[in-house]
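A.B. asks: The numbering of the sequence shown is our numbering, which starts it at 94 and goes up by one. From the three backbone atoms N, C-alpha and C, an ideal C-beta is built for every residue, glycine too. Predicted model, so just to flag it, every value in this text is computed and none were measured.
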Amino acid sequence: MFSSHNFPRGILTVQVVEARNLKKEDLGGHNDSFVELWLDKEYKQRSDVVNNTEHPVWNQRFTFNIEKGSSDHKIYFKVIDQDHMDTDKIGDGSLDITDAIKGQAIDTWVKLPAMLGLSSKGEIHLIVQFTPQ
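(1) Roughly how many angstroms lie between the CA atoms of Leu132 and Leu188, to the nearest whole one?
(2) Does DSSP put Ala193 in a helix, in a strand, or in coil?
(3) Over what stretch of residues does the beta strand (DSSP E) that includes Pro225 continue unbroken?
(4) State the DSSP-derived secondary structure class of Leu209, mapped to helix, strand or coil.
(5) Hey, could you find the ends of the beta strand (DSSP E) Leu132 is sitting in?
(6) Would you tell me roughly how many angstroms separate the C-alpha atoms of Arg113 and Glu129, rounded to the nearest one?
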């Protein structure tokens, strides 16, 4: 129906549902995690912080404008542990959104790979839908 170089104009909705089995970044404590997500690094969106758990539930929706002919075919995300003085990256990844653009909602768990993809730093549950305009 659409090639990745001929996306229609519309709204991409990404629901950050939850994460599970996040790698602990705090010594002696639990993660206080949030998610950053973006199509373009110039416009990042961020979830609320969920405190004291390696299994946070955010259940938050974010919207992104997709312009006709856009070449943005992946959503990028980073799961971060917020500390009092700084932040630590727990893991990051991306998800191909082509199926959503073609009208098929995506409901999936995405692994947060460790270095070289040899292990996992947890998983994040995302639901992605596209509404043409």
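C.D. replies: Reading from the atomic positions:
(1) For the purposes of this step, residue 132 is taken as the residue at position 39 of the sequence shown. For the purposes of this step, residue 188 is taken as the residue at position 95 of the sequence shown. Rounded to whole angstroms, the separation of the alpha carbons of Leu188 and Leu132 is 10 Å.
(2) For the purposes of this step, residue 193 is taken as the residue at position 100 of the sequence shown. Of the three classes helix, strand and coil, the one that applies to Ala193 here is helix, per DSSP.
(3) Taking the sequence shown and counting its residues from 1, the one referred to as residue 225 is at position 132. Element bounds for Pro225: 213 to 225.
(4) The residue labelled residue 209 in the question sits at position 116 within the sequence shown. Looking at Leu209 - three-state DSSP - the assignment turns out to be helix.
(5) Taking the first residue of the sequence shown as 1, we reach residue 132 at position 39. Premise fails: Leu132 is in no beta strand (DSSP E) and is neither H nor E.
(6) Counted from its first residue, the sequence shown places residue 113 at position 20. Counted from its first residue, the sequence shown places residue 129 at position 36. One Cα belongs to Arg113, the other to Glu129, and the distance between them is close to 16 Å.
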